[in-house]
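As structure tokens, the structure follows; a few thoughts come after it.
Residue numbers (this note's numbering), protein chains in the order written: chain A, 839 to 951; chain B, 97 to 206.
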């Protein structure tokens, strides 16, 4: 089955700092890759995704590139804001192969003004 | 279009009490899911329903039952609550390869 390893948090950064959250995965075949974000007191919501090797997903200034050779999907943002404080989850998923989303423990990000 | 809704938002139970968590989606999705979220554990799948009329166990089904009442609704029942079931519960539905989550139910069992 699928599994994911994310860098442990919490990650604390100052506003405008550069962010990287590492994610590596194991999966059957070639899954699509997702980053979900959970803001305080809310459910998870899709941040970005990439469906095949070398694709780059991007949204709200965040980016992640599907690296098949290293089975990685690291999340980056050039300049974080206080409003980016949240928990970030990486998840591989392959539709129609009897699989379910597998979420790791998440990485908590705190951005200080 | 409300997306995925859950009730209640908060609940406190005594050990041994029963309750049902309600979930509904208005996006006409076939697949629905129940997760629990505990500190440091991420999301763990309790049960899922690939389509109306079918349900399957996930990673942590013990102590729970589910009902897929119709395409819209997927409920989670705790027959005899235990303190180990204190958690935040999320319902989700899936369209192709994206999941949509409800706002969660925070359950405390004393």
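Every residue, glycine too, gets a C-beta built ideally from N, C-alpha and C.
Could you name the residues of chain A that residue i contacts, counting a contact when the two beta carbons are closer than 9 angstroms?
| i | result |
| --- | --- |
| residue 123 of chain B | Simply none; closest approach about 14 angstroms. |
Let me know the secondary structure DSSP gives residue i once reduced to three states.
| i | result |
| --- | --- |
| residue 108 of chain B | strand |
| residue 113 of chain B | coil |
| residue 849 of chain A | strand |
| residue 949 of chain A | strand |
| residue 878 of chain A | coil |
| residue 156 of chain B | coil |
| residue 121 of chain B | strand |
| residue 870 of chain A | strand |
Quick check on residue i: buried or exposed, where buried means 16 or more other Cβ atoms within 10 Å of its Cβ?
| i | result |
| --- | --- |
| residue 919 of chain A | exposed |
| residue 867 of chain A | exposed |
| residue 858 of chain A | exposed |
| residue 132 of chain B | buried |
| residue 922 of chain A | buried |
| residue 869 of chain A | buried |
| residue 848 of chain A | exposed |
| residue 950 of chain A | exposed |
| residue 178 of chain B | exposed |
| residue 938 of chain A | buried |
| residue 841 of chain A | exposed |
| residue 198 of chain B | buried |
| residue 865 of chain A | buried |
| residue 930 of chain A | buried |
| residue 136 of chain B | exposed |
| residue 888 of chain A | buried |
| residue 145 of chain B | buried |
| residue 895 of chain A | buried |
| residue 123 of chain B | exposed |
With residue i as the anchor, note down where its beta strand (DSSP E) starts and where it stops.
| i | result |
| --- | --- |
| residue 134 of chain B | 127–134 |
| residue 165 of chain B | Note, residue 165 of chain B: premise wrong, no beta strand (DSSP E); not H, not E. |
| residue 103 of chain B | 100–103 |
| residue 194 of chain B | 194–197 |
| residue 844 of chain A | 841–844 |
| residue 894 of chain A | 894–897 |
| residue 924 of chain A | 924–931 |
| residue 942 of chain A | Note, residue 942 of chain A: premise wrong, no beta strand (DSSP E); not H, not E. |
| residue 890 of chain A | Per DSSP, residue 890 of chain A belongs to no beta strand (DSSP E) and is neither H nor E. |
Kindly give me the distance between the Cβ atoms of residue i and residue j, rounded to whole angstroms, as I take these residues to be in contact under 8 angstroms.
| i | j | result |
| --- | --- | --- |
| residue 159 of chain B | residue 184 of chain B | In fact, because the Cβ distance is near 16 angstroms, the residues do not count as touching under 8 angstroms. |
| residue 116 of chain B | residue 173 of chain B | 5 angstroms |
| residue 189 of chain B | residue 102 of chain B | Residue 189 of chain B to residue 102 of chain B, Cβ: 11 angstroms. No contact. |
| residue 843 of chain A | residue 942 of chain A | 7 angstroms |
| residue 861 of chain A | residue 900 of chain A | Not quite, the Cβ-Cβ distance comes to about 12 angstroms (not below 8 angstroms), so this is no contact. |
| residue 105 of chain B | residue 202 of chain B | 7 angstroms |
| residue 138 of chain B | residue 944 of chain A | 5 angstroms |
At 7 angstroms on the CB atoms, spell out the chain B contacts of residue i, in chain order.
| i | result |
| --- | --- |
| residue 931 of chain A | 193 |
| residue 884 of chain A | 194 |
Can you pull the chain A neighbours of residue i, defined as C-beta to C-beta under 8 angstroms?
| i | result |
| --- | --- |
| residue 137 of chain B | 943 |
| residue 144 of chain B | 938 |
| residue 106 of chain B | Correct list: empty, because the minimum Cβ distance to chain A is about 11 angstroms. |
Along chain B, which residues have their Cβ under 9 angstroms away from the Cβ of residue i?
| i | result |
| --- | --- |
| residue 927 of chain A | 138, 139 |
| residue 841 of chain A | Those within 9 angstroms of residue 841 of chain A in chain B number zero; the least Cβ separation is about 11 angstroms. |
| residue 880 of chain A | 197, 199, 200 |
What residues from chain B crowd round residue i, counting only those whose CB sits closer than 8 angstroms?
| i | result |
| --- | --- |
| residue 870 of chain A | 193 |
Could you work out which residues of chain A lie near residue i, taking near to mean beta carbons separated by less than 7 angstroms?
| i | result |
| --- | --- |
| residue 170 of chain B | Under the 7 angstroms cutoff, chain A gives no residues; its nearest Cβ is about 14 angstroms from residue 170 of chain B. |
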